[in-house]
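Heads up: the structure comes next, in structure tokens.
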Amino acid sequence: MRHLLSTKGLTRDEAVMILDVAEDMADVAGREVKKLPALRGKTVVNLFFEDSTRTRISFEAAAKRLSADVINFSAKGSSVSKGESLKDTAQTLAAMGADAVVVRHQASGAPSVLAQSGWIDAGIVNAGDGTHEHPTQALLDAFTIRRRLHGASARGRDLDGVTVTIVGDILHSRVARSNVWLLTTLGARVHLVAPATLVPLGVGDWPVSVGYDLDDAIAGRPDVVMMLRIQAERMNAAFFPNAREYARQWGLGDERLALLPAASLVMHPGPMNRGLEISAQAADSARSTVLEQVANGVSIRMAVLYLLLSGASEGLG
Amino acid sequence: MTILITGATLPNGDRTDLLIDRGVITETGSGLSSAGAARIDADGLTALPGLVDLHTHLREPGFEQSETVLTGSRAAAIGGFTAVFAMANTSPVADTAGVVEQVASLGAEHGYVTVRPIGAVTAGLAGKTLAEIGAMAHSRAAVRVFSDDGLCVSDPLLMRRALEYVTTFGGVIAQHSQDPRLTEGAQMNEGALSSELGLAGWPAVAEESIIARDVLLAQHVGARLHVCHVSTAGSVDVIRWAKARGIAVTAEVTPHHLLLTEQLVRGYDSRFKVNPPLRREEDVLAQRAGLADGTIDIVATDHAPHPLESKECAWDEAANGMVGLESALSVVQAAVVDTGLMSFADVARVLSSKPAEIGRLSGYDAAFEVGAHANLALYDPAVSRAFSTEQLHGKGINSPYLARTLPGQVMTTIHDGYATVRDGRLVDADEVADAAREAVARG
Numbered sequence: 014m015r016h017l018l019s020t021k022g023l024t025r026d027e028a029v030m031i032l033d034v035a036e037d038m039a040d041v042a043g044r045e046v047k048k049l050p051a052l053r054g055k056t057v058v059n060l061f062f063e064d065s066t067r068t069r070i071s072f073e074a075a076a077k078r079l080s081a082d083v084i085n086f087s088a089k090g091s092s093v094s095k096g097e098s099l100k101d102t103a104q105t106l107a108a109m110g111a112d113a114v115v116v117r118h119q120a121s122g123a124p125s126v127l128a129q130s131g132w133i134d135a136g137i138v139n140a141g142d143g144t145h146e147h148p149t150q151a152l153l154d155a156f157t158i159r160r161r162l163h164g165a166s167a168r169g170r171d172l173d174g175v176t177v178t179i180v181g182d183i184l185h186s187r188v189a190r191s192n193v194w195l196l197t198t199l200g201a202r203v204h205l206v207a208p209a210t211l212v213p214l215g216v217g218d219w220p221v222s223v224g225y226d227l228d229d230a231i232a233g234r235p236d237v238v239m240m241l242r243i244q245a246e247r248m249n250a251a252f253f254p255n256a257r258e259y260a261r262q263w264g265l266g267d268e269r270l271a272l273l274p275a276a277s278l279v280m281h282p283g284p285m286n287r288g289l290e291i292s293a294q295a296a297d298s299a300r301s302t303v304l305e306q307v308a309n310g311v312s313i314r315m316a317v318l319y320l321l322l323s324g325a326s327e328g329l330g
Numbered sequence: 294m295t296i297l298i299t300g301a302t303l304p305n306g307d308r309t310d311l312l313i314d315r316g317v318i319t320e321t322g323s324g325l326s327s328a329g330a331a332r333i334d335a336d337g338l339t340a341l342p343g344l345v346d347l348h349t350h351l352r353e354p355g356f357e358q359s360e361t362v363l364t365g366s367r368a369a370a371i372g373g374f375t376a377v378f379a380m381a382n383t384s385p386v387a388d389t390a391g392v393v394e395q396v397a398s399l400g401a402e403h404g405y406v407t408v409r410p411i412g413a414v415t416a417g418l419a420g421k422t423l424a425e426i427g428a429m430a431h432s433r434a435a436v437r438v439f440s441d442d443g444l445c446v447s448d449p450l451l452m453r454r455a456l457e458y459v460t461t462f463g464g465v466i467a468q469h470s471q472d473p474r475l476t477e478g479a480q481m482n483e484g485a486l487s488s489e490l491g492l493a494g495w496p497a498v499a500e501e502s503i504i505a506r507d508v509l510l511a512q513h514v515g516a517r518l519h520v521c522h523v524s525t526a527g528s529v530d531v532i533r534w535a536k537a538r539g540i541a542v543t544a545e546v547t548p549h550h551l552l553l554t555e556q557l558v559r560g561y562d563s564r565f566k567v568n569p570p571l572r573r574e575e576d577v578l579a580q581r582a583g584l585a586d587g588t589i590d591i592v593a594t595d596h597a598p599h600p601l602e603s604k605e606c607a608w609d610e611a612a613n614g615m616v617g618l619e620s621a622l623s624v625v626q627a628a629v630v631d632t633g634l635m636s637f638a639d640v641a642r643v644l645s646s647k648p649a650e651i652g653r654l655s656g657y658d659a660a661f662e663v664g665a666h667a668n669l670a671l672y673d674p675a676v677s678r679a680f681s682t683e684q685l686h687g688k689g690i691n692s693p694y695l696a697r698t699l700p701g702q703v704m705t706t707i708h709d710g711y712a713t714v715r716d717g718r719l720v721d722a723d724e725v726a727d728a729a730r731e732a733v734a735r736g
């Protein structure tokens with residue numbers, strides 16, 4: 014695997030392989046010494062043009078558990094400004110000998126630009142670009158679902174027939190996009206629920222079904238309900254009247270939680286707006302996988318960095 | 294300076310020699326001879342009237358790192374153009390007589406093409422109050438086209454007044470049709486692909502609704518309207534409807550909207566970022582059909598040079614625009630001639646006589662007749678060339694056609710009776726400037 018830019022280009026076999034490597038990595042977390050020497054001498058740069066402490070520390074923990082050297086470069090608020098910044102920064106990191114660059118950028122496609130630019134030779138991992146994709150988030154979501162459903166026998170399996178309902182701001186969500194491509198590639202049936210204003214144009218071409226009514230979706234007894242974060246800036250742009258109406262129509266409140274089958278998973282990529290898209294009870298219930306998602310995130314990112322840097326699977330992706 | 298062109302094929306297919314003396318065509322027919330004339334063998338070449346671009350960004354004054362009147366004029370000449378209309382979004386903005394006179398005189402001094410400045414509609418392009426339209430119209434630059442291009446005159450009352458006011462001076466408003474609210478933060482055509490790529494959408498309705506409003510305003514006040522860079526199939530329909538009702542509207546399409554689709558955005562290569570954005574295949578086909586049936590009157594380049602750093606960045610951060618003067622004729626050939634939709638006689642209309650008429654530029658209404666101004670290009674439609682930065686002669690290399698193969702090449706361009714391009718290469722700047730001075734002295 015040369016880069017990980019999106020989940021759209023992953024085949025089912027590639028995706029299953031990444032999840033399987035992540036299972037191996039998860040085993041490391043259970044050991045007394047949570048560290049492998051696999052990437053000793055490799056340098057991983059976390060290049061964050063947009064703040065995201067959670068994602069950054071997850072990648073940092075992953076790299077460190079593989080014994081890589083980690084450099085955190087927060088481009089936001091530094092002297093780096095728009096325009097040449099991406100090029101200059103990339104060339105600077107190349108000059109420093111970065112082997113992999115984990116990029117978070119507010120502009121969709123920025124990791125792709127880096128990967129194609131010739132400015133830097135390192136492997137590029139997309140850690141979230143604008144409203145495009147967030148592939149490691151989708152991989153950790155798939156990993157979490159697979160583990161919950163299959164436990165110790167998860168290895169080698171896909172998500173054939175699993176029903177996943179994704180609820181909320183699909184339009185602006187890179188998590189939703191990456192999950193739509195990855196989960197359907199793995200055989201899951203994905204259903205999107207949102208107000209019409211937050212459903213992307215042209216979604217008819219996506220391999221998903223779409224509805225506006227969360228109660229209908231819950232009545233369909235989905236295996237997984239994934240709630241997306243509502244950003245504060247959407248409130249003032251006429252996507253919906255206000256937070257109260259949103260919570261009433263599309264929030265996973267206590268009543269809806271009670272109607273959900275006991276075995277259904279409640280997922281959220283975090284950080285959560287408790288009381289808006291998800292109630293405290295839903296977030297903290299036994300069905301919630303929120304904290305597992307965080308833990309699994311480290312395993313997935315270990316797997317991705319390992320596959321990128323160890324040369325273990327040339328020709329993949 | 295006397296030039297004898299032998300064996301040229303005119304746009305109508307006739308073969309002729311052309312004798313040019315003191316800036317005009319003095320003789321046509323076969324077997325012409327003239328002692329001492331510079332001879333140009335045009336066997337196999339198509340003679341086109343000098344091309345006229347109603348929509349060019351020359352960037353000077355203010356953005357000389359992107360382009361100057363000289364470098365933009367050279368890019369125009371190599372593309373077969375003999376006249377360009379320079380957009381008003383310079384710094385200072387072309388909203389006073391002083392700025393437009395400066396731009397026009399720079400063009401005249403360099404001599405590669407006739408430079409006709411476009412005046413701003415609103416002071417400072419701010420969309421609040423009218424610019425000094427009368428002063429620009431009466432200046433030595435004799436401005437007849439007014440545009441806030443890059444920005445839409447979105448205030449309906451201000452647009453109405455502008456349409457009415459320019460009528461006083463025989464002018465026309467060239468509108469950049471883009472509803473600003475519907476396109477806040479817009480990055481590419483809105484549709485399935487923008488949703489997949491996570492780029493904010495520029496919906497077709499933001500263009501179509503402004504055009505619909507403007508043609509109704511033009512009808513109401515009895516004014517002329519010119520629609521810049523039409524890009525959607527719906528816009529073509531609206532303009533077709535307006536023309537059927539007798540509304541005095543003209544419209545342009547860019548070469549890139551005749552050839553390229555939004556699918557090119559997939560790799561986030563900012564060379565393909567332009568405003569209005571590249572649209573769907575069906576929009577491209579609608580532009581071609583509209584141009585062929587006369588709904589769209591002309592092709593205009595929207596030549597928009599940018600320095601490297603404005604394009605070497607993430608898509609959202611990149612500047613909008615493509616250079617287009619050097620490639621326009623080849624792209625038009627590829628899009629509508631080689632596809633059988635139009636002839637070179639049609640090309641002569643949409644790239645020369647009609648844009649000149651819309652811009653009230655004289656001397657382009659009787660191409661190749663004895664006594665006509667000698668503005669012409671000799672074009673070889675049979676060659677095909679790998680398009681590269683070698684073919685670009687302005688400052689910008691932000692061309693979407695790099696690494697593509699395009700048909701045709703301009704071999705000769707003659708402006709005011711002297712050559713600006715010879716054997717497919719630009720004539721030296723000093724020689725052109727001298728020839729231009731002679732032409733002015735001759736009167």
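Chains as they are written, first to last, in the numbering used here: chain A, 14 to 330; chain B, 294 to 736.
Using N, Cα and C, we set each Cβ at its ideal position, and we do this for glycine too.
Since the structure is predicted, the reported quantities are computational estimates derived from the model, not experimental observations.
Contact set for residue i: own chain, Cβ-Cβ below 7 Å, skip 5 residues either direction
{"i": "Ser327(B)", "result": "Thr295, Leu297, Leu312"}
{"i": "Leu456(B)", "result": "Ile466, Leu510, Ala511, Val514, Ala516, Leu518"}
{"i": "Asp595(B)", "result": "His348, His522, Thr547, Gly617"}
{"i": "Thr309(B)", "result": "Ala301, Leu303, Thr321, Gly322, Ser323"}
{"i": "Glu574(B)", "result": "Thr554"}
{"i": "Lys536(B)", "result": "Val542, Thr588"}
Spatial neighbours of residue i in its chain, beta-carbon cut-off 6 Å, leaving aside the 5 residues before and after
{"i": "Asn568(B)", "result": "Asn613"}
{"i": "Ser563(B)", "result": "Lys604, Trp608, Ala611"}
{"i": "Val386(B)", "result": "Ala413, Gly417, Leu418"}
{"i": "Ser298(A)", "result": "none"}
Straight-line gap, residue i to residue j (C-alpha atoms, nearest Å)
{"i": "Gly266(A)", "j": "Gly560(B)", "result": "41 Å"}
{"i": "Thr302(A)", "j": "Ala256(A)", "result": "24 Å"}
{"i": "Val138(A)", "j": "Asp64(A)", "result": "16 Å"}
{"i": "Ser645(B)", "j": "Ile540(B)", "result": "23 Å"}
{"i": "Thr20(A)", "j": "Ala140(A)", "result": "12 Å"}
{"i": "Gly397(B)", "j": "Glu724(B)", "result": "Note that residue 397(B) corresponds to Ala in the displayed sequence, not to Gly. So the two alpha carbons sit approximately 20 Å from each other."}
{"i": "Val217(A)", "j": "Leu211(A)", "result": "In the sequence under discussion, the amino acid at residue 217(A) is Gly, which differs from the Val named in the question. About 14 Å."}
{"i": "Val83(A)", "j": "Asp388(B)", "result": "55 Å"}
{"i": "Gly233(A)", "j": "Tyr225(A)", "result": "13 Å"}
Presumed contact (8 Å Cβ cut-off) between residue i and residue j, rounded CB distance
{"i": "Gly710(B)", "j": "Ala732(B)", "result": "6 Å"}
{"i": "Ala381(B)", "j": "Ile411(B)", "result": "5 Å"}
{"i": "Gly373(B)", "j": "Thr706(B)", "result": "6 Å"}
{"i": "Ala621(B)", "j": "Gly215(A)", "result": "32 Å between Cβ atoms; not a contact."}
{"i": "Ala74(A)", "j": "Leu52(A)", "result": "Between Leu52(A) and Ala74(A) the Cβ distance is about 13 Å, and since that is not below 8 Å, they are no contact."}
Local Cβ density within 10 Å of residue i, reported as buried at 16 or more and exposed below that
{"i": "His431(B)", "result": "exposed"}
{"i": "Glu742(B)", "result": "Only positions 294 to 736 of chain B appear in the structure, and residue 742(B) is not among them; the question remains open."}
{"i": "Asp590(B)", "result": "buried"}
{"i": "Trp495(B)", "result": "buried"}
{"i": "Asn691(B)", "result": "buried"}
{"i": "Leu272(A)", "result": "exposed"}
{"i": "Lys100(A)", "result": "buried"}
{"i": "Asn192(A)", "result": "buried"}
{"i": "His16(A)", "result": "buried"}
{"i": "Asp716(B)", "result": "exposed"}
{"i": "His549(B)", "result": "buried"}
{"i": "Asn305(B)", "result": "exposed"}
{"i": "His204(A)", "result": "buried"}
{"i": "Asp442(B)", "result": "buried"}
{"i": "Glu483(B)", "result": "buried"}
Neighbourhood of residue i by C-beta, 8 Å cutoff - its chain only, sequence neighbours within 5 removed
{"i": "Gly110(A)", "result": "Thr56"}
is_contact[residue i, chain E] using C-beta, thresh 8 Å
{"i": "Ala151(A)", "result": "Of the protein chains in this structure, namely A and B, none is chain E."}
Taking only beta carbons into account, state which residues of the region 603 to 633 of chain B come closer than 8 Å to chain A, listed in chain order. Ser603, Glu605, Cys606, Ala607, Trp608, Asp609, Glu610
Could you please tell me which residues of the region 202 to 220 of chain A, in chain order, have their CB closer than 7 Å to any CB of chain B?
Against chain B - using a Cβ distance shorter than 7 Å - the residues of the region 202 to 220 of chain A are Pro213, Leu214, Gly215, Val216, Asp218.
In the region 483 to 497 of chain B, which residues sit with their C-beta less than 9 Å from some C-beta in chain A, listed in chain order?
-> Glu483, Gly484, Ala485, Leu486, Ser487, Ser488, Glu489, Leu490, Gly491, Leu492, Ala493, Gly494, Pro496
| Which residues, in order along the region 165 to 195 of chain A, keep a beta-carbon less than 7 Å from a beta-carbon of chain B? | Arg187, Arg190
Using a Cβ-Cβ cut-off of less than 7 Å, give me the residues of the region 681 to 695 of chain B that come near chain A, in sequence order. none
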